[in-house]
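**Student:**
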Amino acid sequence: MSTPTAPVAVIGAGPYGLSTAAHLRARGLPVRVFGRPMVSWREQMPAGMLLKSTPAASSIDAPQAGHTLGDFCAATGEGRYVSDWDVIPVGTFIRYGRWVQERLVPELEQVRVVSVDRRAGAFELKLDSGEVAAARAVVVATGLSQIAHLPAELAAAVPAGPSATGPVSHSAQHHDLSALAGRDVVVVGAGQSALESAVLLAEQGAASVRVVARGRAAVGFGAPPDRQPRLRPRTPFGNAWSLYALTYHAGAFRRLPAPARRFLVRRVLGPLGAWWLRDRFVGRVRVTQGRRIVRARIVDGRPVLTLRGADGHRSAPSALSELAADHVLAATGYRMDLAALDFLGQGLRTGIAVGAGGPLLDAGFGSSVPGLYFTGLPAAASFGPVMRFVCGTAFASPRLAHAVARAYG
Numbered sequence: 002m003s004t005p006t007a008p009v010a011v012i013g014a015g016p017y018g019l020s021t022a023a024h025l026r027a028r029g030l031p032v033r034v035f036g037r038p039m040v041s042w043r044e045q046m047p048a049g050m051l052l053k054s055t056p057a058a059s060s061i062d063a064p065q066a067g068h069t070l071g072d073f074c075a076a077t078g079e080g081r082y083v084s085d086w087d088v089i090p091v092g093t094f095i096r097y098g099r100w101v102q103e104r105l106v107p108e109l110e111q112v113r114v115v116s117v118d119r120r121a122g123a124f125e126l127k128l129d130s131g132e133v134a135a136a137r138a139v140v141v142a143t144g145l146s147q148i149a150h151l152p153a154e155l156a157a158a159v160p161a162g163p164s165a166t167g168p169v170s171h172s173a174q175h176h177d178l179s180a181l182a183g184r185d186v187v188v189v190g191a192g193q194s195a196l197e198s199a200v201l202l203a204e205q206g207a208a209s210v211r212v213v214a215r216g217r218a219a220v221g222f223g224a225p226p227d228r229q230p231r232l233r234p235r236t237p238f239g240n241a242w243s244l245y246a247l248t249y250h251a252g253a254f255r256r257l258p259a260p261a262r263r264f265l266v267r268r269v270l271g272p273l274g275a276w277w278l279r280d281r282f283v284g285r286v287r288v289t290q291g292r293r294i295v296r297a298r299i300v301d302g303r304p305v306l307t308l309r310g311a312d313g314h315r316s317a318p319s320a321l322s323e324l325a326a327d328h329v330l331a332a333t334g335y336r337m338d339l340a341a342l343d344f345l346g347q348g349l350r351t352g353i354a355v356g357a358g359g360p361l362l363d364a365g366f367g368s369s370v371p372g373l374y375f376t377g378l379p380a381a382a383s384f385g386p387v388m389r390f391v392c393g394t395a396f397a398s399p400r401l402a403h404a405v406a407r408a409y410g
């Protein structure tokens with residue numbers, strides 16, 4: 002393999018992969034991009050979903066003008082999403098992502114990367130097409146793929162893993178929630194995914210829907226645009242000093258101690274329903290708060306959850322209760338786990354320094370393995386919770402492309 006002539010490989014074709022590839026191409030670097038466009042959004046988000054992010058926070062960053070969500074809407078007549086009151090359907094955002102891909106990354110190769118290993122100073126990628134490709138650098142932009150988190154108590158009840166057609170599933174396994182029509186469903190979680198999934202289940206014919214959340218006041222909704230604090234700085238996520246710092250000064254985040262970074266990634270911009278979801282939720286979805294799942298089992302094909310008060314004791318029988326359903330849907334988010342990225346060879350994975358729940362990255366998004374970069378959700382441990390959102394592409398992509406061009410251009 003000839004390192005100087007090998008391209009840069011980008012694995013993933015969601016917002017971060019497309020944005021990164023566009024910036025690399027703009028710097029004149031040869032790039033090969035692998036993956037199906039917007040696949041996580043097309044297959045892991047339920048039909049009928051609306052984006053929690055505002056239009057200002059929903060554009061995929063590009064090196065050329067004319068590729069914002071607003072530009073897409075103007076060019077296609079899709080709609081007009083301008084103010085914080087405008088709510089974006091997931092279908093619109095998927096079409097926007099495809100539009101960006103067709104314009105900026107037309108050479109996308111819709112194949113799967115089976116493995117990545119380091120060979121003789123370069124990277125060797127095996128594709129499911131049978132090709133073995135060389136790359137001088139690799140950017141991992143795989144988004145939510147393979148890192149859905151299922152709490153241990155639920156995982157123990159389904160040794161073969163969660164399944165959309167089984168008694169326990171993860172929200173990432175559902176594109177069509179109408180498949181659960183006529184069934185009693187328990188949704189575990191208190192974030193936007195949990196609350197919106199519960200609403201969609203109720204609207205699409207579930208016999209009953211109950212949300213179970215361990216916090217005593219876990220289920221809540223954000224303030225609408227006209228009720229945001231006026232004396233605090235504005236951000237795409239609401240008006241707050243902390244949100245402003247984490248959004249516009251993400252570079253400083255990596256200098257914080259690892260425990261602080263881990264805490265902030267999990268808690269800031271954490272579980273909270275969108276303001277526009279409240280009216281659809283109240284009166285339609287039942288809520289059990291302040292109860293924690295301590296055990297789950299399958300009885301005659303139906304899941305049965307044993308719940309305990311969040312501050313209760315196992316020795317107190319009155320603190321325990323059971324809840325049965327036809328199906329349990331775990332909307333329990335995603336956790337970065339390098340072991341789950343099994344396409345990375347064992348030698349690569351063991352060479353990646355980790356901390357605060359993800360790979361430790363330098364200012365250019367490079368890992369401790371020379372030439373191996375991470376962006377999007379895997380970068381949240383180093384750059385903060387903004388990396389979980391589309392607007393994070395504006396911070397990540399130019400910096401990553403600059404670092405790769407400087408090292409391998």
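Residue numbers (my numbering): 2 to 410. Note that beta-carbon positions come from the ideal geometry of N, C-alpha and C, so glycine has one too.
Considering only residues of the same chain and omitting the five flanking positions on each side of A404, which have a CB-CB separation below 8 angstroms?
**Tutor:** Hits under 8 angstroms: D363, A364, G365, F366, G367 and Y374.
**Student:** Measure the beta-carbon distance from G49 to G36 and round it to whole angstroms, keeping in mind my assumption that it falls under 8 angstroms.
**Tutor:** Going by Cβ atoms, the distance from G49 to G36 rounds to 25 angstroms, so no, they are not a contact pair.
**Student:** If you check the beta carbons only, do L155 and L181 fall under 8 angstroms apart?
**Tutor:** Contact flag unset, no.
**Student:** Who pairs with R28 in a beta bridge, going by DSSP?
**Tutor:** Paired residues: none, contrary to the question.
**Student:** Does DSSP put P225 in a helix, in a strand, or in coil?
**Tutor:** Here P225 sits in coil by DSSP.
**Student:** What's the C-alpha gap between L178 and S172?
**Tutor:** If I take the Cα positions, the gap works out to 9 angstroms.
**Student:** May I ask you to report which of helix, strand or coil DSSP gives P258?
**Tutor:** Note: P258 maps to coil in three-state DSSP.
**Student:** Specify the secondary structure class of T236 as computed by DSSP and reduced to three states.
**Tutor:** Residue state, collapsed to three classes: strand.
**Student:** Could you tell me which of A354, R235, Y82 and P230 sits nearest to F94, measuring between CA atoms?
**Tutor:** Comparing Cα positions, the closest option is Y82.
**Student:** Measure the alpha-carbon distance for A199 versus R43 and round it to whole angstroms.
**Tutor:** Spanning the two alpha carbons is a distance of roughly 19 angstroms.
**Student:** Would you list the residues sitting across from Y412 in a DSSP beta bridge?
**Tutor:** As shown, the chain starts at 2 and ends at 410. That puts residue 412 outside it, with no answer to give.
**Student:** Using CA coordinates, which residue listed in E125, V141, G13 and Q347 is at the minimum distance from P38?
**Tutor:** The shortest Cα separation from P38 among E125, V141, G13 and Q347 belongs to G13.
**Student:** Here's a check: name, in chain order, each residue in its chain whose Cβ is nearer than 8 angstroms to the Cβ of Q229, leaving out the five neighbours to either side.
**Tutor:** The residues are R235, G239 and N240.
**Student:** For D87, which three-state DSSP category applies?
**Tutor:** DSSP places D87 in coil when its eight states are reduced to three.
**Student:** Nearest to A121 by CA position, among M388, G410, F390 and G372, is which residue?
**Tutor:** It is G372 whose Cα lies nearest to the Cα of A121.
**Student:** So what's I299 in DSSP terms, helix, strand or just coil?
**Tutor:** DSSP places I299 in strand when its eight states are reduced to three.
**Student:** Buried or exposed for H250, please, with buried defined as at least 16 other CB atoms from any protein chain shown within 10 angstroms of its CB.
**Tutor:** When all chains shown are included, H250 counts as exposed.
**Student:** Whole-angstrom Cβ separation of R309 and A320, contact assumed at under 8 angstroms?
**Tutor:** That pair is a contact at about 5 angstroms.
**Student:** Are the CB atoms of H150 and G334 within a distance shorter than 8 angstroms?
**Tutor:** Cβ distance < 8 angstroms, so G334 and H150 count as in contact.
**Student:** Counting pairs of beta carbons, one from the stretch 207-214 and one from the stretch 52-60, are three or more of them closer than 8 angstroms?
**Tutor:** Touching, no.
**Student:** Which whole-angstrom value describes the C-beta separation of P386 and L247, a residue pair presumed to lie in contact below a C-beta threshold of 8 angstroms?
**Tutor:** Yes, P386 and L247 are in contact; Cβ-Cβ is about 6 angstroms, under 8 angstroms.
**Student:** Short of 8 angstroms in beta carbon distance, which residues of its chain neighbour S170, apart from the five on each side in sequence? Order them along the chain.
**Tutor:** Result list for S170: P163, S164, H328, V329, L330 and A331, in chain order.
**Student:** Give me the Cα-Cα distance between R33 and V140, rounded to the nearest whole angstrom.
**Tutor:** So the alpha carbons of these two residues sit roughly 10 angstroms apart.
**Student:** My output table needs one value for L105: the three-state DSSP class, helix, strand or coil.
**Tutor:** Residue state, collapsed to three classes: helix.
**Student:** Mind reading off the beta-carbon distance from R137 to A123? Whole number of angstroms is fine, and I expect it under 8 angstroms.
**Tutor:** About 6 angstroms separates the two Cβ atoms, so the contact holds.
**Student:** Nearest-angstrom Cα distance between Q193 and T307?
**Tutor:** Taking the straight line joining both Cα atoms gives about 24 angstroms.
**Student:** Determine the extent of the alpha helix (DSSP H) in which S179 is found, giving its start and end residues.
**Tutor:** No alpha helix (DSSP H) contains S179, which DSSP labels as neither H nor E.
**Student:** Whose CA, out of V187, T6 and A341, lies closest to the CA of G144?
**Tutor:** Comparing Cα-Cα distances from G144 to each of V187, T6 and A341, the minimum goes to A341.
**Student:** Among P64, V133, R113 and V91, which one has its Cα closest to the Cα of A7?
**Tutor:** Looking at the Cα atoms, V133 is the closest of the given residues.
**Student:** State the start and end residues of the unbroken alpha helix (DSSP H) segment that holds T248.
**Tutor:** Where T248 is concerned, the enclosing alpha helix (DSSP H) stretches over W242 to Y249.
**Student:** According to DSSP, what are the bridge partners of I95?
**Tutor:** For I95, which the question treats as bridged, DSSP gives no partner whatsoever.
**Student:** For F396, which three-state DSSP category applies?
**Tutor:** F396: helix per DSSP, three-state reduction.
**Student:** Suppose the cutoff is 7 angstroms on Cβ atoms and the five residues either side in sequence are ignored; what does the same chain contact list for S369 look like?
**Tutor:** The residues are G352, I353, A354 and L361.
**Student:** With 16 as the cutoff for other CB atoms within 10 Å, does G67 come out buried or exposed?
**Tutor:** Under this definition G67 is an exposed residue.
**Student:** On the DSSP bridge list, what partners appear for K53?
**Tutor:** Partner(s): none; K53 has no beta bridge.
**Student:** Curious, which full-length beta strand (DSSP E) runs of at least 3 residues does the stretch 328-359 contain?
**Tutor:** Entirely contained in the stretch 328-359, the beta strand (DSSP E) runs reaching 3 residues are, in chain order, 328-331.
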